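Protein chains: 2
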Amino acid sequence: MSKRITIKQIAAALHVSISTVSKALNDSYEISEETKKKIQDYAKEHKYKPNTLALSLQNKKTKTIGILLPNILTYYYARVLRGIEEVTTEKGYNIITCITNESYKKEVDTMEMLSNGTIDGFIACISEETLKIGNFDHFKNILEDGTPIVLYDRVHAEINCDKVVTDNIKSAYKATRFLMRSECKNIALISTSEGLDIGKFRVDGYLKALRKYDVIPNEDLIIRYNDEENLKDAINKMLDENKVDGIFTIDEISGAITTQVLNKRNIKIPQEISIIGFTNGILSRYSTPPLTSVNRFAHTTGKVAAKRLIDKIEEKIPFDDIVTEIIKTKLVERDSTKKMFIKF
Amino acid sequence: MSKRITIKQIAAALHVSISTVSKALNDSYEISEETKKKIQDYAKEHKYKPNTLALSLQNKKTKTIGILLPNILTYYYARVLRGIEEVTTEKGYNIITCITNESYKKEVDTMEMLSNGTIDGFIACISEETLKIGNFDHFKNILEDGTPIVLYDRVHAEINCDKVVTDNIKSAYKATRFLMRSECKNIALISTSEGLDIGKFRVDGYLKALRKYDVIPNEDLIIRYNDEENLKDAINKMLDENKVDGIFTIDEISGAITTQVLNKRNIKIPQEISIIGFTNGILSRYSTPPLTSVNRFAHTTGKVAAKRLIDKIEEKIPFDDIVTEIIKTKLVERDSTKKMFIKF
DNA sequence: AATCTTTTAGAAAACGTTATAGTAATAAAT
DNA sequence: ATTTATTACTATAACGTTTTCTAAAAGATT
Chain A
0 MSKRITIKQI
10 AAALHVSIST
20 VSKALNDSYE
30 ISEETKKKIQ
40 DYAKEHKYKP
50 NTLALSLQNK
60 KTKTIGILLP
70 NILTYYYARV
80 LRGIEEVTTE
90 KGYNIITCIT
100 NESYKKEVDT
110 MEMLSNGTID
120 GFIACISEET
130 LKIGNFDHFK
140 NILEDGTPIV
150 LYDRVHAEIN
160 CDKVVTDNIK
170 SAYKATRFLM
180 RSECKNIALI
190 STSEGLDIGK
200 FRVDGYLKAL
210 RKYDVIPNED
220 LIIRYNDEEN
230 LKDAINKMLD
240 ENKVDGIFTI
250 DEISGAITTQ
260 VLNKRNIKIP
270 QEISIIGFTN
280 GILSRYSTPP
290 LTSVNRFAHT
300 TGKVAAKRLI
310 DKIEEKIPFD
320 DIVTEIIKTK
330 LVERDSTKKM
340 FIKF
Chain B
0 MSKRITIKQI
10 AAALHVSIST
20 VSKALNDSYE
30 ISEETKKKIQ
40 DYAKEHKYKP
50 NTLALSLQNK
60 KTKTIGILLP
70 NILTYYYARV
80 LRGIEEVTTE
90 KGYNIITCIT
100 NESYKKEVDT
110 MEMLSNGTID
120 GFIACISEET
130 LKIGNFDHFK
140 NILEDGTPIV
150 LYDRVHAEIN
160 CDKVVTDNIK
170 SAYKATRFLM
180 RSECKNIALI
190 STSEGLDIGK
200 FRVDGYLKAL
210 RKYDVIPNED
220 LIIRYNDEEN
230 LKDAINKMLD
240 ENKVDGIFTI
250 DEISGAITTQ
260 VLNKRNIKIP
270 QEISIIGFTN
280 GILSRYSTPP
290 LTSVNRFAHT
300 TGKVAAKRLI
310 DKIEEKIPFD
320 DIVTEIIKTK
330 LVERDSTKKM
340 FIKF
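Sequences listed follow chains A and B, in order. Anchor point for the first sequence: position 162 equals 161 in numbering that gives the first Met the number 0, and the numbering is continuous, going up by one each time. Anchor point for the second sequence: position 303 equals 302 in numbering that gives the first Met the number 0, and the numbering is continuous, going up by one each time.
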């Protein structure tokens, strides 16, 4: 237990002033080579490390970014984090990661807590509860203080800042169209009942594709669920009562559960029913059969968000130059859809 | 862009000294009710928030903990993080999360960077590369400085600090025994070839169980792999050349891949071959069939580690009171193993 | 009226650092 | 011989806060 040494202690030990030490350690021309060497050697020997806190207080920059994740157990967010992390590390920034766990209070508290000089900016995804409540004052206040924020994935028009989002409508449109082109006539949709815009956009994309090809949407084929147990029952019921030959699931878990249900009913995928999932994570990759999925570039999303924020922090971009970056998706074809195509 | 207000500005605005403001805001008895109210009102009105950096510099405590994750994409670590996060939040600590991505250099750099007053302690899982290289000086140095560390999951005897680990040998032993009790005679093992102790322990447990019940281990039934593609081939080869009726996989991905291979070969799980996986994450839960798995309590691991560290930081436990907590596992029975049992 | 307490406030030091301004002593230029 | 530069260093303020010590005024006690 030797505790870190400070500049002051070095100064005392070598009978020089603290300014001399500071300058010597920063290799200033004002200090003679001889003295510099003496000080630097001593510092090295005693493993001197400048106190980051003191530096930050001086510079008014902490080189730290606050990250808000709604949920770390969702593979997608873990991958976004990874993307962020890659860029921040490269640029010499630390990140403080906070998981809001979809709670409004946790989100407000966290941002409150960090916006006191601890961080230079935020990268955040709005929690489900916050979106439901519709109060975004905590974001607005922070922006007003001059702290930059980049929102990703789940955003809101009321918050006037940079955003990085997935191309939800178009992706859902394309996935649905893909199913139709591969001979599916009766395409079901599995969605969550939660009122997230993201979900709505994906439903919109699905409906848009149906309409485009003159298919009348059938409400019986659209399932909106709250919890997983309900979902299995709902799918079974739907399959009992309807002819279905294609299913588009709006998130990864839905895709996994749907696959389990079909397998249990011994329905051949994709011969009898095709499935396309959203978000291409490990579940899609490792399920039986591996699922054709809308691949979202989580990693890219993280990187783009981090780059944008750091540019803002370092004032390479003016504070009120606001953009929304749209990250395209890509349909990854695997074994849960048919290979034959109808050309429209 | 109004930028945060400081004590100094309040003092100037109200024509009092900064000490008066500080005391008023801390509700000191030394300040008259009248002055206090005036100052507090002003502070509230201007949304005054104390600068955390300045406070930390004063108190020599940052209320921040550094977390090292080898890899965030592994569901297990994400869950550990969640456990840590829960405790730290409750106790008013922030966490700085860093992903070493299994790199020695990244691990050293990160710890170096954070151990300059930024954090009060570390919760870390040693990276694969570090374990391979076998140099733990960065941990030792930090401990010497009087900064507490709690290691979780992957630990090393050379590092003398608190540890929280999974009961690997026993868990593997029990899983293997479970397979034997459910009539499996030829039990294969899927392991990674990387030289992690954790893997070794699990293999040891497997071997121990076999020996205990007088089964002679068959090297042909033990697969050690590096990359996923190899693994599929290796499993197929093994199944071609050997009679196998049970498989114990040492991690979640191996379990998922094994399941895919068996499904592709149309082998009935568990009627023809039973599978038990290690680490009970989403893959095990959502695969077809859902896998019987050794459930590791990632969440508990995180919580225990965080509690221990905070107790150390707050000096409720002396610095050199070192313990290793062993987190038990629990076999979760699902559909990949048979229900019938032989009692030994 | 003189002294002692209490109340209220402010000054100054401290946390660890950097940056600016200043001060010697010596060397160079006039 | 005097002024000017140069070299090598030190003092001080600053970042935003808390804390300890000091001081003045008001009130209480004799």
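Here a beta-carbon is modelled for each residue, glycine too, at the ideal position from N, C-alpha and C. Quick caveat: nothing in here was measured; it's all calculated off a predicted structure.
I need the DSSP call for residue i, collapsed to helix, strand or coil.
| i | result |
| --- | --- |
| D161(A) | strand |
| E324(B) | strand |
| S31(A) | coil |
| I94(A) | strand |
| I64(A) | strand |
| V86(A) | helix |
| T299(A) | helix |
| T287(A) | coil |
| A187(B) | strand |
| Y224(A) | strand |
| V331(B) | strand |
| N241(A) | coil |
| V293(A) | strand |
| A123(B) | strand |
| D39(A) | It should be pointed out that residue 39(A) corresponds to Gln in this sequence rather than to Asp. Of the three classes helix, strand and coil, the one that applies to Q39(A) here is helix, per DSSP. |
| F138(A) | helix |
| G254(A) | helix |
| D144(A) | coil |
| D319(A) | coil |
| D166(B) | coil |
If you check the beta carbons only, do residue i and residue j fall under 8 Å apart?
| i | j | result |
| --- | --- | --- |
| G245(A) | L330(A) | no |
| G204(A) | K169(A) | yes |
| R295(A) | Y74(A) | no |
| T278(B) | R333(B) | no |
| G82(B) | T328(B) | no |
| I275(B) | F247(B) | yes |
| I9(A) | A42(A) | yes |
| K62(A) | D119(A) | yes |
| V163(B) | I326(B) | yes |
| T117(A) | L54(B) | no |
| E127(B) | L195(B) | yes |
| R264(A) | L238(A) | yes |
| S181(A) | K337(A) | yes |
| S114(B) | D136(B) | no |
| N70(A) | E101(A) | yes |
| A187(A) | I132(A) | no |
Rounded to whole angstroms, how far is the Cβ of residue i from the Cβ of residue j, which I believe are closer than 8 Å?
| i | j | result |
| --- | --- | --- |
| S335(A) | S273(A) | 6 Å |
| L13(B) | I38(B) | 6 Å |
| I141(B) | M110(B) | 6 Å |
| L308(A) | I98(A) | No, L308(A) and I98(A) are not in contact; Cβ-Cβ is about 19 Å, not under 8 Å. |
| D152(B) | V322(B) | That pair is no contact at about 16 Å. |
| R3(B) | A297(B) | Incorrect: roughly 38 Å between the Cβ atoms, too far for contact. |
| T346(A) | I281(A) | Only positions 0 to 343 of chain A appear in the structure, and residue 346(A) is not among them; the question remains open. |
| I252(A) | L261(A) | Contact flag wrong, Cβ pair sits at about 15 Å. |
| N167(B) | I197(B) | 6 Å |
| Y172(B) | A123(B) | The Cβ separation is near 28 Å, so there is no contact. |
Give the range of the alpha helix (DSSP H) segment to which residue i is assigned.
| i | result |
| --- | --- |
| I249(A) | I249(A) -> no alpha helix (DSSP H), and no H or E assigned at all. |
| G204(A) | D196 to K211 |
| S273(B) | Not the alpha helix (DSSP H): S273(B) falls in the beta strand (DSSP E), residues S273 to F277. |
| K105(A) | Y103 to L113 |
| K118(B) | A small correction: the amino acid at residue 118(B) is Ile; Lys does not occupy that position in the sequence shown. No alpha helix (DSSP H) holds I118(B); DSSP gives it neither H nor E. |
| S18(B) | I17 to L24 |
| L72(B) | Neither: L72(B) is in no alpha helix (DSSP H) and is coded neither H nor E. |
| I215(A) | Taken as a continuous stretch (DSSP letters only), I215(A) belongs to no alpha helix (DSSP H), as it is neither H nor E. |
Where do the N-terminal and C-terminal ends of the beta strand (DSSP E) with residue i fall, by residue?
| i | result |
| --- | --- |
| N58(B) | Careful: N58(B) lies outside any beta strand (DSSP E), inside the alpha helix (DSSP H) at T51 to N58. |
| L349(B) | With chain B running from 0 to 343 in the structure shown, residue 349(B) is simply not present. |
Is residue i near the ligand MG, with its Cβ less than 7 Å from a heavy atom?
| i | result |
| --- | --- |
| R210(A) | The ligand content of the structure shown is nil, which means the ligand MG is not present either. |
### Query
Along the stretch 277 to 292 of chain A, what residues have a CB closer than 7 Å to any CB found in chain B?
I281, L282, Y285, S286 and T287
### Query
If you measure beta-carbon to beta-carbon, which residues of the stretch 73 to 90 of chain B are closer than 8 Å to chain A?
Y74, A77, R78, L80, R81, E84 and T88
### Task
Identify each residue in the stretch 41 to 61 of chain A for which the Cβ-Cβ distance to at least one residue of chain B is less than 9 Å, and report them in chain order.
K46, K48, P49, N50, T51, L52, A53, L54, S55, L56 and T61
### Message
For the stretch 128 to 150 of chain B, list every residue whose C-beta sits within 8 Å of some C-beta in chain A, in sequence order.
### Response
N140, E143, D144 and G145
#### Entry: Short-range partners of chain B found in the stretch 234 to 261 of chain A, where Cβ spacing is below 8 Å
I252, A255, I256, T258 and Q259
### Task
Anything in the stretch 169 to 194 of chain B with a Cβ closer than 8 Å to a Cβ of chain A? List those residues in chain order, please.
none
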